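Notes for the one structure printed next.
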Amino acid sequence: MKHFWQAKLHQQREQHFSRFKSSDQVQFFQELGDLLASGYSISESIDIMKDAHQKWQQQLSAIKDGLHEGQTFPSVMSMYVNQNILVQLNLAHEHGDLSTTLVKMGQNLSQIAQQQNKVKQVMHYPIILLAILGAMLLGLKFFLYPILNQWQNSSQETGVYDGRAIAILMMALLLITIIWRSWRRMNWIKRLNVMSKIPIISLMTKTVVSYQASQQIASMLSGGLTLPDIINAIACQNSRSASVYLAQDAQKFLKAGGQIDRYILSKQFFNQSLAGYFMRGYTPKTLARYLDYYAKTQFKLLMQQADRLIGTLQPIFFGIIGIAIIGLYLSMLLPMYHAIGGLYK
Numbered sequence: 001m002k003h004f005w006q007a008k009l010h011q012q013r014e015q016h017f018s019r020f021k022s023s024d025q026v027q028f029f030q031e032l033g034d035l036l037a038s039g040y041s042i043s044e045s046i047d048i049m050k051d052a053h054q055k056w057q058q059q060l061s062a063i064k065d066g067l068h069e070g071q072t073f074p075s076v077m078s079m080y081v082n083q084n085i086l087v088q089l090n091l092a093h094e095h096g097d098l099s100t101t102l103v104k105m106g107q108n109l110s111q112i113a114q115q116q117n118k119v120k121q122v123m124h125y126p127i128i129l130l131a132i133l134g135a136m137l138l139g140l141k142f143f144l145y146p147i148l149n150q151w152q153n154s155s156q157e158t159g160v161y162d163g164r165a166i167a168i169l170m171m172a173l174l175l176i177t178i179i180w181r182s183w184r185r186m187n188w189i190k191r192l193n194v195m196s197k198i199p200i201i202s203l204m205t206k207t208v209v210s211y212q213a214s215q216q217i218a219s220m221l222s223g224g225l226t227l228p229d230i231i232n233a234i235a236c237q238n239s240r241s242a243s244v245y246l247a248q249d250a251q252k253f254l255k256a257g258g259q260i261d262r263y264i265l266s267k268q269f270f271n272q273s274l275a276g277y278f279m280r281g282y283t284p285k286t287l288a289r290y291l292d293y294y295a296k297t298q299f300k301l302l303m304q305q306a307d308r309l310i311g312t313l314q315p316i317f318f319g320i321i322g323i324a325i326i327g328l329y330l331s332m333l334l335p336m337y338h339a340i341g342g343l344y345k
């Protein structure tokens, strides 16, 4: 009966309270890590943060109540954080030092947020420009062409341009739908293989994967786990995240008699420089320090690559938009020319 009411209470909390926003997750773990590093316990840290953050009152109260009921910290946090963070929390709780992991997580999440924002900026840029182009086509269809049709008795000429614009839009939507459905059916290993072959984003893909892998392994190694423990533990997690798929793929490679450095060299979505750190027989603590430094260099490289990619995409898409605008002007002027010419006949 006690377990029933605890499960019921947990379900009610999950329905009532919302997950931390991405920016709030970063701030939460940064402050929690700072407090733990200062010698406070997790429960004491939650109390301090509860007094400091009015907007988190409901979430922090529920977390505190869950800890007092005997729930583990990862279990309490499962409804408030994303899957990647939850995987690290579960691993640290089951196999390593949770407090050390939380301190490290607080230090790393800010960089991860910057990296994700930079990648989103790169991906959103062409989408916004194409949306502007689509809005211009729709404006042409629904506002300009009706006016032109009033100028001339026949809509034959504008109908031609209407049909072309609609056909282009339908083909573009169909192509996007096919690509999206194919992408959704792929697992993360296939997705990364595809992304690493696309010239424009291949370098960024390798840097992102190498950065996240080295950062996560360094965090777990500093928390007391060994490399085989990290791979096996991540592979057993019930999640569809990229880190779980990578761990499962690496686990198969290792069980077949391979080495982790050979696995990295065999995958085109890793920067091969990462493999060098696993060839030298470092102890886990030493390897953690080197990988932590490597992750920082990859993060800086990622920021530089993202800036260069944005700089490359700008003239390309501005050129596409310019050509589209010229085409739109022609589609406006030609019907107007015929309409005006018809007035003098």
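Going by full-length UniProt numbering, 243 is the number at position 243 of the sequence shown; the sequence numbering is gapless.
All C-beta atoms in this analysis are idealised placements derived from N, C-alpha and C, irrespective of residue type, glycine included.
This one's a predicted model, so the numbers in the text were calculated from it and none came from an experiment.
Inter-residue CB distance, residue i and residue j (contact presumed, cutoff 8 Å)
{"i": "proline 24", "j": "glycine 106", "result": "First, the amino acid is wrong: residue 24 is aspartate here, not proline. Incorrect: roughly 13 Å between the Cβ atoms, too far for contact."}
{"i": "valine 26", "j": "leucine 109", "result": "5 Å"}
{"i": "alanine 233", "j": "glutamate 94", "result": "7 Å"}
{"i": "leucine 291", "j": "serine 214", "result": "5 Å"}
For residue j and residue i, the rounded distance between their alpha carbons
{"i": "lysine 21", "j": "valine 103", "result": "20 Å"}
{"i": "serine 182", "j": "leucine 174", "result": "12 Å"}
{"i": "phenylalanine 29", "j": "methionine 204", "result": "27 Å"}
{"i": "threonine 158", "j": "proline 199", "result": "For threonine 158, the pLDDT reaches just 47, beneath the cut-off of 50, and the residue's location in the model is therefore unreliable, although a value from the coordinates is still provided. Each residue's Cα considered, the two are about 40 Å apart."}
{"i": "serine 61", "j": "isoleucine 325", "result": "55 Å"}
{"i": "leucine 89", "j": "alanine 172", "result": "43 Å"}
{"i": "isoleucine 179", "j": "leucine 225", "result": "40 Å"}
{"i": "glycine 276", "j": "isoleucine 323", "result": "47 Å"}
{"i": "isoleucine 128", "j": "asparagine 193", "result": "26 Å"}
{"i": "alanine 247", "j": "glutamate 31", "result": "29 Å"}
{"i": "alanine 167", "j": "glutamine 71", "result": "58 Å"}
{"i": "glutamine 216", "j": "serine 239", "result": "16 Å"}
{"i": "glutamate 44", "j": "glutamine 237", "result": "29 Å"}
{"i": "methionine 303", "j": "phenylalanine 143", "result": "42 Å"}
{"i": "methionine 170", "j": "alanine 135", "result": "14 Å"}
{"i": "phenylalanine 318", "j": "alanine 256", "result": "50 Å"}
{"i": "lysine 120", "j": "threonine 177", "result": "20 Å"}
{"i": "lysine 300", "j": "lysine 197", "result": "22 Å"}
{"i": "leucine 138", "j": "glycine 258", "result": "56 Å"}
{"i": "asparagine 117", "j": "serine 38", "result": "30 Å"}
{"i": "arginine 184", "j": "glycine 327", "result": "34 Å"}
{"i": "leucine 330", "j": "methionine 186", "result": "42 Å"}
{"i": "threonine 312", "j": "arginine 191", "result": "23 Å"}
Cβ neighbours of residue i in the same chain (closer than 6 Å, five flanking residues each side left out)
{"i": "lysine 64", "result": "Ile46"}
{"i": "alanine 250", "result": "Ile231 and Tyr263"}
{"i": "isoleucine 260", "result": "Phe278"}
{"i": "glutamine 298", "result": "Thr207, Ser210 and Tyr211"}
{"i": "proline 74", "result": "Leu89, Asn90 and His93"}
{"i": "isoleucine 112", "result": "none"}
{"i": "glycine 281", "result": "none"}
Neighbourhood of residue i by C-beta distance below 8 Å, restricted to the same chain and skipping five residues each side
{"i": "serine 99", "result": "Leu36 and Ile42"}
{"i": "isoleucine 132", "result": "Ile321"}
{"i": "methionine 195", "result": "Ile201, Ser202, Thr205 and Phe269"}
{"i": "proline 228", "result": "Leu254"}
{"i": "histidine 53", "result": "Leu60"}
{"i": "isoleucine 48", "result": "Leu35 and Tyr40"}
{"i": "leucine 221", "result": "Leu227, Ile230, Pro284, Lys285, Leu287, Ala288 and Leu291"}
{"i": "valine 81", "result": "Arg19, Phe20, Gln25 and Leu89"}
{"i": "glutamine 272", "result": "Ile264 and Leu265"}
Same chain only: Cβ atoms within 7 Å of residue i, ignoring 5 sequence neighbours per side
{"i": "phenylalanine 270", "result": "Lys206, Val209, Ser210 and Ile264"}
{"i": "residue 347", "result": "Lying before the first or after the last residue shown, residue 347 is absent from the chain, which here runs from 1 to 345."}
{"i": "glutamine 57", "result": "Lys50"}
{"i": "asparagine 153", "result": "At asparagine 153, the pLDDT of 47 sits below 50, so the modelled position is not reliable; the number obtained from the coordinates is stated separately. Once the five neighbours on either side are set aside, asparagine 153 has no close Cβ partner at all."}
{"i": "threonine 101", "result": "Gln88, Ala92, Ser219 and Gly223"}
{"i": "glutamine 76", "result": "As written in the sequence, residue 76 is valine, which differs from the glutamine given in the question. Around valine 76: Ile63, Gly66 and Leu67."}
{"i": "serine 78", "result": "Leu86"}
{"i": "residue 347", "result": "Outside the modelled stretch of the chain, which goes from 1 to 345, sits residue 347, for which no answer is possible."}
CA nearest to the CA of residue i, picked from the options
{"i": "alanine 235", "options": "Phe253, Phe318 and Trp56", "result": "Phe253"}
{"i": "tyrosine 293", "options": "Leu274, Gln305 and Met303", "result": "Leu274"}
{"i": "lysine 55", "options": "Ile112, Leu67, Gly39 and Arg19", "result": "Arg19"}
{"i": "serine 202", "options": "Ser38, Met49 and Leu309", "result": "Leu309"}
{"i": "tryptophan 188", "options": "Met79, Ser222, Lys267 and Ala135", "result": "Lys267"}
{"i": "glutamine 114", "options": "Arg289, Val81, Ile316 and Ala306", "result": "Ala306"}
{"i": "isoleucine 316", "options": "Leu130, Gly258 and Phe143", "result": "Leu130"}
{"i": "glutamine 314", "options": "His124, Ser38 and Asn117", "result": "His124"}
Closer than 8 Å: residue i CB and nearest the ligand MG heavy atom
{"i": "lysine 64", "result": "Although the ligand MG was asked about, the structure shown includes no ligands whatsoever."}
Enumerate, from N- to C-terminal direction, the unbroken alpha helix (DSSP H) stretches of 4 or more residues contained entirely within the segment 187 to 256.
188 to 195, 202 to 222, 227 to 235 and 242 to 255
Contained alpha helix (DSSP H) runs [length at least 4] in the UniProt domain "Type II secretion system protein GspF" (28 to 146), N- to C-terminal order
42 to 52, 57 to 68, 73 to 77, 83 to 95 and 98 to 139
Give the list of continuous beta strand (DSSP E) stretches no shorter than 3 residues that lie fully inside the segment 273 to 305.
none
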